[in-house]
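Using the numbering used here, the first residue of the sequence shown is number 383, and each one after it goes up by one. Built from N, CA and C at the ideal position, the CB exists for glycine as well. These figures come from a predicted structure and were not determined experimentally.
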Amino acid sequence: MQQCLEYICREFEKVTDYLHAPTPAKELIINNLFANFMDCFGQYPFEKKRYPKEFLQSANLYNAGDVVMLKRFEDIGMRYLLLSDFYDYVKITHLYHKV
């Protein structure tokens, strides 16, 4: 797992309660992690084989400027859910181990 994805997981652990206790500080973290996620998936094509196509399609379409995908991820709740799904996936598959 690439360092950028490990970083995203470590930092996401700080905001796992966002839906129940949102704050401006947590929103900033989520927005930054989302941008890092999209950037990371764009930089490491060999890493893509390890993850479900839904993550890859979302990142590819978003990074390509797809209007529907850009609109979907304007909503911070959708950004949070994507990060949450990714975090859950890498924990379940043991690609990420909590430090």
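Q: In the DSSP assignment, find the unbroken alpha helix (DSSP H) run with ARG432 in it and report its ends.
A: Taking the sequence shown and counting its residues from 1, one reaches residue 432 at position 50. Run containing ARG432: none; DSSP gives neither H nor E here.
**Q.** Whole alpha helix (DSSP H) elements within the segment 398–432, 4-residue minimum
**A.** 406–425
(Q) Residues in the same chain with beta-carbon distance under 7 Å from TYR400, minus the five sequence neighbours each way, listed in chain order, please. (A) On the sequence shown, residue 400 is found 18 positions in, with the first residue counted as 1. Same-chain partners within the cutoff: LYS408, ILE412, TYR462.
Q: Could you name the residues of the same chain whose beta carbon sits closer than 6 Å to that of PHE416, not counting the 5 residues immediately before and after it, in chain order?
A: In the sequence shown, residue 416 corresponds to position 34, counting from 1. For PHE416, where only same-chain residues beyond five positions count, the Cβ hits under 6 Å are ARG461.
Q | Pick from GLU393, ALA403, PHE437 that is closest to PHE468, judged by C-alpha positions | A | On the sequence shown, residue 468 is found 86 positions in, with the first residue counted as 1. Taking only the C-alpha atoms, the option nearest PHE468 is PHE437.
Q: Report, in whole angstroms, the separation of the C-beta atoms of LEU472 and CYS391, which I expect to be a contact under 8 Å.
A: Taking the first residue of the sequence shown as position 1, residue 472 is located at position 90. Taking the first residue of the sequence shown as position 1, residue 391 is located at position 9. The amino acid occupying residue 472 in the given sequence is Val; Leu does not appear at that position. Going by Cβ atoms, the distance from VAL472 to CYS391 rounds to 6 Å, so yes, they are a contact pair.
Q: Please classify LEU410: is it buried, with 16 or more other beta-carbons within 10 angstroms of its beta-carbon, or exposed?
A: Working through the sequence shown from its first residue, we reach residue 410 at position 28. Exposed: under 16 other Cβ atoms inside 10 Å.
Q) Comparing alpha-carbon positions, which option in ASN442, TYR389, THR405 lies nearest ASN418? A) Residue mapping note: residue 418 aligns to position 36 of the sequence shown, counting from 1. Comparing Cα-Cα distances from ASN418 to each of ASN442, TYR389, THR405, the minimum goes to TYR389.
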